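To start, the structure itself, in structure tokens.
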């Protein structure tokens with residue numbers, strides 16, 4: 351444990367070295383409180399190093415699109431997933447605590463939390479203005495809370511180090527433990543509420559600061575936390591689930607009351623290369639057409655023989671597909687279906703039909719052809735949070751509290767109509783609206799909201815969380831023939847190496863993986 355801890359500190363310090371205008375490296379043993387974080391540029395460079403944790407140093411994992419990313423962990427074991435690649439350990443609920451796709455996010459972001467915690471403490475002692483300190487500490491607290499929430503959603507409470515004293519002044523008897531659920535939730539909630547109430551961060555960043563976490567990002571993470579716990583308490587019959595939904599409804603209202611974010615008029619324009627940084631996007635990773643910094647979602651989708659009719663050089667890995675049964679579930683008039691392509695040009699002819707490369711589904715092309723690309727990596731920002739989610743989560747919370755038609759204006763139904771309206775011409779005369787208006791029961795409206803979220807957010811890394819919150823993740827899997835799915839699969843296992851090293855308790859159900 352002591353050796354591992356020293357290794358973490360070396361990585362932390364090396365990642366924070368700022369450039370001094372020459373090619374001579376600064377060695378680890380030369381870093382001292384006197385020559386580290388001595389000015390605003392040093393602080394900014396160090397914080398940039400923490401933001402780099404969202405991407406890592408390779409093309410794979412983290413907040414990207416490859417196997418083992420947050421997106422695939424959330425999508426692969428659900429009814430919205432299809433691909434020309436088969437990984438039965440994941441799709442059939444046979445994952446183990448040693449599988450790389452299970453371990454990566456944990457092994458990336460638990461150390462990232464340590465890095466953020468240490469840097470917060472270092473900035474507090476840095477000889478820079480209070481405004482600079484407050485801004486960057488607030489950003490680090492939000493980024494840390496975001497990672498802690500996503501880890502919590504995937505693994506439950508994780509052994510994150512949030513006490514800087516344990517990092518900067520470790521003792522011989524230093525140990526790491528898993529906090530209780532209550533302790534973990536309280537920490538994340540408190541961090542976010544303090545940043546939100548202080549109003550240090552702007553509602554949104556523009557210019558060169560675009561891509562930094564903002565006031566609205568913090569509110570979005572808090573909204574997700576409350577919705578997560580509302581669903582957990584309702585499904586497990588513990589605690590006061592309505593209290594969490596009331597908190598969630600208020601946070602969603604607060605985001606809407608910022609009057610900054612808005613739905614794009616056309617659904618497909620959210621991801622358009624010509625409409626980057628639009629006001630539906632609450633948090634995204636800016637992308638550039640170079641390795642590591644690029645968005646390669648489209649490469650994961652396109653068939654190998656796909657040819658751009660605009661002459662754009664593109665790479666196809668022939669992977670992700672929208673299952674045909676999901677595609678067919680859309681109303682034909684629903685514009686959200688249009689981003690899932692049922693045919694493509696191979697340079698000689700249009701490839702159509704539900705065979706060959708299209709056997710398993712349509713091409714999910716929310717991310718569209720972008721002329722600013724190196725063939726694999728394009729410059730379309732990778733969207734993590736967007737405003738439609740705020741509206742739909744508020745509708746869900748209001749339904750839990752008041753039912754679909756109660757709670758004053760806007761009602762849960764009226765909120766859902768706001769999102770659906772842009773996806774249909776003459777929406778008020780559509781059968782889609784009539785179907786929603788005819789729902790009077792809380793349970794029926796909850797079920798319809800889950801279906802609407804499938805149509806709205808497919809391929810955005812939300813489905814697993816949505817299904818768990820609605821209490822249907824395991825039952826849906828079994829109905830699809832995934833008979834190995836058990837209740838304990840609502841969490842992924844803690845990586846086995848961590849169990850061995852820290853001697854902490856594994857998540858329930860993964861009984862073959864011994865703690866020590």
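Residue numbers (my numbering): 351 to 866. Note that CB positions come from ideal geometry on N, CA and C, so glycine has one too. Treat the numbers as computed from the prediction; the structure is a model and nothing was measured.
>> Within the continuous alpha helix (DSSP H) that includes residue 540, where are the two ends?
In response: 531-548
> Cα-Cα, which of 509, 819, 850 and 552 is closest to residue 611?
Replying inline: 552
>> Looking at residue 670: is its Cβ nearer than 9 Å to the Cβ of residue 730?
In response: no
> What whole-angstrom Cβ distance do residue 660 and residue 719 have, given they're in contact under 8 Å?
Replying inline: 6 Å
>> Assess contact between the stretch 457-477 and the stretch 513-523, defined as three or more Cβ pairs (one per stretch) separated by less than 8 Å. Is contact present?
In response: yes
>> For residue 781, tell me which candidate among 751, 681 and 472 has the shortest Cα-Cα distance.
In response: 681
> Identify the residues that DSSP records as bridge partners of residue 691: which are they?
Replying inline: 713
> Where does residue 672 fall in DSSP's three states?
Replying inline: strand
>> Here's the rule I'm using: 16 or more other beta-carbon atoms within 10 Å means buried, otherwise exposed. How should residue 775 be labelled?
In response: exposed
> What whole-angstrom Cβ distance do residue 509 and residue 527 have, given they're in contact under 8 Å?
Replying inline: 6 Å
>> Just to confirm before moving on: does the CB-CB distance between residue 576 and residue 747 stay below 9 Å?
In response: yes
> Would you call the stretch 540-557 and the stretch 617-625 touching, i.e. three or more CB-CB distances under 8 Å?
Replying inline: no
> In whole angstroms, what separates the C-alpha of residue 712 from that of residue 486?
Replying inline: 43 Å
> For chain B, is any of its Cβ atoms less than 9 Å away from the one on residue 820?
Replying inline: Going by chain labels, chain B is absent from the structure shown, which holds only one protein chain.
> Under a three-way DSSP split, which group does residue 700 fall into?
Replying inline: strand
>> Quick check: the Cα distance between residue 858 and residue 833, rounded to an integer number of angstroms?
In response: 19 Å
>> Bridge partners for residue 637 per DSSP, in chain order?
In response: In DSSP, residue 637 forms no bridge with anything.
>> Taking the straight line between their C-alpha atoms, what separation do you get for residue 851 and residue 761?
In response: 51 Å
> Which residue comes first and which comes last in the alpha helix (DSSP H) that contains residue 499?
Replying inline: 480-505
>> Quick check on the DSSP output: the alpha helix (DSSP H) that includes residue 733 runs from which residue to which?
In response: That residue, residue 733, is in no alpha helix (DSSP H); its beta strand (DSSP E) goes 732-736.
>> Helix, strand or coil for residue 632? Go by DSSP, reduced to three states.
In response: strand
>> Which residues does DSSP list as the beta-bridge partners of residue 645?
In response: 728
> Going by beta carbon distance, what residues of the same chain come within less than 7 Å of residue 534, once the five residues before and after it are set aside?
Replying inline: 502 and 507
>> For the ligand ADP, is there any heavy atom lying closer than 8 Å to the beta carbon of residue 619?
In response: This structure does not include the ligand ADP; it has no bound ligands of any sort.
> Can you name the residues that DSSP bridges to residue 419?
Replying inline: 412
> DSSP state of residue 433, grouped into three classes?
Replying inline: strand
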